[in-house]
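Positions 57 to 196 (the working numbering) are the ones given, in order, by the sequence shown. The beta carbon of each residue, even a glycine, is placed where N, CA and C say it ideally should be. Let me begin by presenting the structure, written as structure tokens, before commenting on it.
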Amino acid sequence: MRPEWNDYFIEIAHTVATRSTCDRAQVGALLVRDKRILTTGFNGSPSHLPHCYDVGHLMVNGHCVRTTHAEANAIIQAALHGISTKDSVCYVTHFPCINCVKMLINAGVNQIYYSSDYRIDDLALEFLTTAKVEVIRLQK
């Protein structure tokens, strides 16, 4: 059976997550506009730096700071390749953290679809509501 668009894109986000180099949480994201994938991103160390699965996690206040988040990497890929993210949709495996929420808002994302309630932040939800970014949880 042919999947609906949202199911198709969230499944791709889960596939992208398999490239993650962090074994604490494998997160994948993609930015989409007009049913076309603009960019993808997964959480992992910046280019040319060691990966968590090679050297372990760099923990600060209970959070691994060695990695760049999937949503940020998707936005960075758009910037590197000159792709506008205005009026795009983000599909991400996990609910975004507050910092990624701020980046997604500033990148012009107007909808976020996610499948895991991992660490839902009330402040992030407030920011999204104020910025009129629609947030929808999809079952995988």
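Rounded separation between residue i and residue j - CA only
i, j, result
"Arg75", "Ser101", "11 Å"
"Gly164", "Tyr147", "14 Å"
"Ala69", "Tyr109", "21 Å"
"Val121", "Asp90", "34 Å"
"Ile132", "Thr185", "24 Å"
"Thr71", "Ala85", "9 Å"
"Thr123", "Glu60", "32 Å"
"Tyr169", "Ser103", "27 Å"
"Val83", "Tyr174", "10 Å"
"Ile161", "Cys78", "25 Å"
"Phe183", "Ile93", "25 Å"
Whole-angstrom C-beta distance between residue j and residue i, which should lie under 8 Å
i, j, result
"Val189", "Asn166", "6 Å"
Host alpha helix (DSSP H) of residue i (start-end)
i, result
"Val189", "Val189 -> no alpha helix (DSSP H), and no H or E assigned at all."
"Tyr174", "Where Tyr174 is concerned, there is no enclosing alpha helix (DSSP H), given that its DSSP letter is neither H nor E."
"Cys156", "154 to 162"
"Val121", "Run containing Val121: none; DSSP gives neither H nor E here."
"Thr71", "61 to 73"
"Cys78", "Careful: Cys78 lies outside any alpha helix (DSSP H) and carries neither H nor E."
Boundaries (first-last residue) of the beta strand (DSSP E) holding residue i
i, result
"Leu87", "84 to 89"
"His150", "144 to 150"
"Ile93", "92 to 98"
Closest by C-alpha distance to residue i, when choosing among the options
i, options, result
"Asp63", "Glu182, Thr149, Tyr174", "Thr149"
"Leu87", "Asp79, Glu182, Pro106, Lys142", "Lys142"
"Ala187", "Leu179, His137, Gly118", "Leu179"
"Leu194", "Asp177, Ser171, Phe183, Ile176", "Ser171"
"Met115", "Phe183, Arg92, Arg80, Glu182", "Arg80"
Q. If you pair each beta-carbon of the stretch 126 to 136 with each one of the stretch 82 to 98, do three or more pairs fall below 8 Å?
A. yes
Q. On the three-pair Cβ rule with 8 Å, is the stretch 110 to 118 touching the stretch 134 to 154?
A. no
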